[in-house]
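Numbering (this note's numbering), first residue to last: -2 to 876. Think of the CB as a built atom: it goes at the ideal place given N, C-alpha and C, for glycine as much as any other residue. A quick write-up on the structure given underneath.
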Amino acid sequence: MEQQTLSQHFNAKEVEGRLYQAWLDLDAFKADPESRKPPYTIVLPPPNVTGVLHIGHALTCTLEDILVRHKRMQGRNVLWLPGTDHAGIATQMVVERHIQKEGINRHDLGREKFVERVWQWKAESQTTIVSQLKLMGCSLDWSRLTFTLDESVSLAVRECFTRLYREGLIYREQAIIQWCPRCRTALSDLEVKSKAVKGKLWSIRYFRSDDPSQSLVVATTRPETLLGDTAVAIHPSDERYQAFRNASVLVPLQDRVIPVIQDDYVEMEFGTGALKITPGHDPNDYLIGKRHGLGVISLFDDRAVLNEKAGVYQGLSREKAREKVLADLAEKGLLVKEEENLHNVGHCDRCNAIVEPRVSAQWFVNAAELAKPAIEAVENKEIKIIPEEWEKTYFEWMRNIRPWCISRQLWWGHRIPVWYCGDCGHHTVSVADASACEKCQSTALKQEEDVLDTWFSSGLWPFSTLGWPKETADFKTFYPNDVMETGFDILFFWVARMIMLGKKMTGKFPFHTVYLHPMVRDEYGQKMSKTKGNVKDPLEIVETCGADALRFTLASMAVHGRDVLLSDARIEGYRNFVTKIWNASRFVLMHFGTVTQENADMSNEINRWVWSRLNETKREVNAALEQYRFFDAANALYRFVWSEYCDWYLEFIKSDLESRKAANDTTAVQVLEEALRLLHPLMPFVTEEVWQRLPIRQAKASISACDYPSFAPEHHDAKAEERVGRLIAVVDAIRSKRGESGLSPAVEIDVRIHASPETLQALSVFEGLIQKLAKTKTLLFGSGTPGKDVVIALAFGVETIEIRIPRGQLVDQETDRKRILKEIESTQAELDRAVARLTSPGFVGKAPPEVIEGAKNRKEVLEKKLGVLRMSLKELESA
RNA sequence: GGGCGGAUAGCUCAGUUGGUUAGAGCGUCGGCUUUACACGCCGAAGGUCACAGGUUCGAGGCCUGUUCCGCCUACCA
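Given below as structure tokens:
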């Protein structure tokens, strides 16, 4: 066989591009609905086509890629389905801002032309997103790439809408909803973020209509809305306003007569205890108005500019109107008080404008009805939410869920499949475009102008992407999905709705597990934002450190229940790890690049040790991945490859390289090969690149087609672990002593080791290794000459190993004496604690036997250690 | 107002049902051309686990309270 070698440096960029293309050429990521293998499905949360991917997307696709690569290697028929989301408001806004640069707005273009422009934008954005996902190494099945406005998805959306409408779970109703005057559309409650705003609380005087000598004072944060007042409310038991019960008052500035009503919604303690009621512009007032049969005055148009109802204030913005109303009130002496007030104000999630509650006709989903089975599913663990703490939040929201407003006054999205009849007024709702009224057959139909909330189509994603409502092969094989992996910030927006709509539409819940990953923040815990300038571009990181390093970093930081704080130092550390793997592989190939067939020499204890350690790592990594503990998986791999395989195993074999080569011992290659497979889901590129050069490997075209290593009991070797562990401890102890004494590694020293006959026998097998790794000149076993040596008392397991180094080569007597005294002190302290524990009746009476046994052993070894230390102190003092 | 989470080495974080001696990476300090790797090797220093009580033979993990920091949620105008 030809000698395989690796270039001196790992060129991540070149390798990544080449390998990804090779995987595509192999159809390595393509799912087959006819396959007999058990399916495993994840749908990628579709990124918005608003632009480029950010670090949060990088985390999502890294974790999902790890899951699917793991399952694929375990022999599952994996489908990881890619897609993008039209993201109604967000994308429309981006494109509006974009055309603004050309000096036009969407109304200049008209609906049709504008939507064309958005499609252009979508095409570019999607291309960018797809190429970014490829750069991250994502093993997505590109043959199934779906967009939320694709024909097939539209069909699913209409099917769902129609079914819910027929069951009365979707309905149109006049109601007070959240309105964004800048986006000029209705919003769902979730799309409104309440933020604390420093404002003012104004007290305004209202005179009694039949007796101008009497007045009451109301407190409000929105004086401009008094133009829409239809009542003033007081608490029924408020004695202060006894005289105003059943009275009427005049709206200031308008002299309109409105009633004083009594309602126990009013808090007597707040403000003046009198509340102005504006049903057109406050959700609570709207409810109160309904209870008392009050009228509704809508003061604003869709941009929150005052309309004809506002009289002289018509044409003013909310803000201007407030100023003028206040000025006019002050002039008339009706403004009684003005005080600072911190209160919460709803802001549009997308554009941050202050939302305006507004009464209008909108479409709603009866979410409470759909929520019932969705709550039960989580209660009885049909759906598992990880981390579990989120279940509480889920229940809290789902149990108090309100009607979901799904109509949006936008142009970009799924047009609502409802046709209004111009003749009889009937609503025709149908999956196919309606050409005639289903009631009177009139053709004077007009389709609803509004589009659906983006999350309505997202809610169908786990099955709309698989061809539903058609019974396609994909749908039959890959639905339900397995895992929904996403950020907790869209638990309500998306996850909850998928659960509700999935069950309702297909009869099955869309997945069995929800894994919610943490938020990515910068290294100071700040949310990344463009305005703060702390945004980390994943592609920049890929460019400088490589995709493997970024992936491994994200995986190693994805801990349950804590944010991911991403720092450059951390990424660099894992880039170094990639390099370490590369160099270790170079070393192995340099020496074993021509071996022809597997021949692991299991008579060699060092080999048995490394197999056993690798085996333990397999167990840990598999267990971690099954539990979505990405951190643990990354950590176990890092520890094994660097701290065990490189730091010890490769150093061990250097001492007898030639004889190993002569004996054709291929353990080093075999262990490397398995470690690469184990690492592959986390670091697909470097592992594939090295694996391709290995002289011994499975006959597959790609490492991703190989089996995933799993725990093999026959490779577990406790004895080898114990004996090599002792060897490592001895080498460590000698090295440590050399380090303390500031000895150059070039200086060799004499060492004598004394211990039980069995231990001496075991250690003597490794004589050459100790000599080499601890740099000893002469290495003797057995007791030494009292008084002349520095003595190390090494507590290992249940015995103490005594290591002696002739004093002349190390530190001076005084320093050594101090060290021994210090060590005696700390050992004595620990021994005292152990003795106290063992003599306490509570401990020996109640602690489990293995804990007591452990304490006894510890006490014994401490006593031995103390003995060695005391002896060496005596030796020192008598010398 | 309600809920959830966090506080462990200089920094960023692990620590699975309470069990002997609390770990890692980075940073710091000292040494090093050592059969791949200075993006490296060897060694060292550094922690009364936020605070105060409690439960327990035993607490970084459990309970109560306090302080600080996040996030979610809510109709006191």
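query                                                                                                                                                                                        : result
Consult DSSP for Glu468 and reduce its assignment to one of helix, strand or coil.                                                                                                           : coil
At which residues does the alpha helix (DSSP H) containing Thr541 begin and terminate?                                                                                                       : 535 to 542
Would DSSP call Phe7 helix, strand or coil?                                                                                                                                                  : coil
What's the C-alpha gap between Arg160 and Phe361?                                                                                                                                            : 14 angstroms
Can you tell me whether DSSP reads Arg169 as helix, strand or coil?                                                                                                                          : strand
Once DSSP output is grouped into helix, strand and coil, what is the label at Asn204?                                                                                                        : For clarity, residue 204 is Phe in the given sequence; the question names Asn instead. Phe204: strand per DSSP, three-state reduction.
Do Glu221 and Arg315 have their C-beta atoms within less than 9 angstroms of each other?                                                                                                     : yes
Quick test of your reading: Asn341 and Ala216, contact by CB under 8 angstroms. State the CB separation rounded to the nearest angstrom.                                                     : Contact flag wrong, Cβ pair sits at about 16 angstroms.
Rounded to whole angstroms, what is the Cα-Cα separation between Tyr262 and His232?                                                                                                          : 7 angstroms
What is the DSSP secondary structure of Glu164, counted as helix, strand or coil?                                                                                                            : coil
Using CA coordinates, which residue listed in Pro803, Lys27, Gly736 is at the minimum distance from Val75?                                                                                   : Lys27
Between Ile383 and Tyr37, how many whole angstroms is the CB-CB distance? I'm expecting something under 8 angstroms.                                                                         : Not quite, the Cβ-Cβ distance comes to about 17 angstroms (not below 8 angstroms), so this is no contact.
Decide if Val848 is buried, meaning its Cβ has at least 16 other Cβ atoms within 10 Å, or exposed.                                                                                           : exposed
Tell me whether Thr2 is buried or exposed, calling it buried when 16 or more other Cβ atoms sit within 10 Å of its Cβ.                                                                       : exposed
Report all residues from its chain with a CB closer than 7 angstroms to the CB of Asn304; omit the five preceding and five following residues, and keep chain order.                         : Leu296, Phe297, Asp298, Gln311
How many Å lie between Ile731 and Gly805 at the Cα?                                                                                                                                          : 15 angstroms
Might you give, ordered along the chain, the residues of its own chain that have their beta carbon closer than 8 angstroms to the beta carbon of Trp639, omitting 5 neighbours on each side? : Phe574, Lys577
Around the Cβ of Met(-2), are there at least 16 other Cβ atoms within 10 angstroms (buried) or fewer (exposed)?                                                                              : Per-residue confidence for Met(-2) stands at a pLDDT of 49, beneath the threshold of 50, marking its modelled position as unreliable; the derived number appears in the next sentence. Classification of Met(-2): exposed, given that the 10 Å Cβ count is below 16.
Skipping 5 residues on each side, what residues in its chain have a beta carbon closer than 7 angstroms to that of Ile538?                                                                   : Leu547, Ile568
So, is Glu822 buried or exposed, given that buried needs 16 or more other C-beta atoms within 10 angstroms?                                                                                  : exposed
Can you tell me whether DSSP reads Leu873 as helix, strand or coil?                                                                                                                          : helix
Would you call Lys615 buried or exposed, if buried means 16 or more other Cβ atoms sit within 10 Å of its Cβ?                                                                                : buried
Could you please give the first and the last residue of the uninterrupted alpha helix (DSSP H) stretch that includes Ile86?                                                                  : 85 to 97
Compute the Euclidean distance between the alpha carbons of Leu41 and Ala120, then round it to the nearest angstrom.                                                                         : 19 angstroms
If you reduce the DSSP assignment to three classes, tell me which class Met495 lands in.                                                                                                     : helix
Can you round the beta-carbon distance between Ile413 and Asp450 to whole angstroms, since I take them to be within the 8 angstroms contact cut?                                             : Going by Cβ atoms, the distance from Ile413 to Asp450 rounds to 10 angstroms, so no, they are not a contact pair.
Among the candidates Leu457, Thr143, Trp20, whose CA atom is the shortest distance from the CA of Glu156?                                                                                    : Leu457
For Ile798, tell me which candidate among Pro79, Gln123, Arg867, Val727 has the shortest Cα-Cα distance.                                                                                     : Val727
Would you decide whether Ser965 is buried or exposed? Buried here means 16 or more other CB atoms lie within 10 Å of its CB.                                                                 : A query on residue 965 cannot be resolved here, the shown segment of the chain reaching from -2 to 876 and no further.
May I ask you to check if the CB of Leu187 is nearer than 8 angstroms to at least one heavy atom of the ligand NAP?                                                                          : Among the components modelled here there is no ligand, and therefore nothing to report on the ligand NAP.
Within this structure, are the beta carbons of Val309 and Val356 separated by less than 9 angstroms?                                                                                         : no
Straight-line CA distance for Lys68 to Ile398?                                                                                                                                               : 36 angstroms
Among Leu213, Ala228, Ala307, which residue has its Cα nearest to the Cα of Ile201?                                                                                                          : Leu213
I'd like to know if the region 404 to 411 and the region 105 to 115 are in contact, where contact means that at least 3 CB-CB pairs between them fall below 8 angstroms.                     : yes
Between Lys774 and the rest of its own chain, which residues show a CB-CB distance below 7 angstroms, the 5 nearest in sequence each way excluded?                                           : Glu745, Ile746, Asp747
I'd like to check one pair, Ile274 with Gly290: are the Cβ atoms closer than 9 angstroms?                                                                                                    : no
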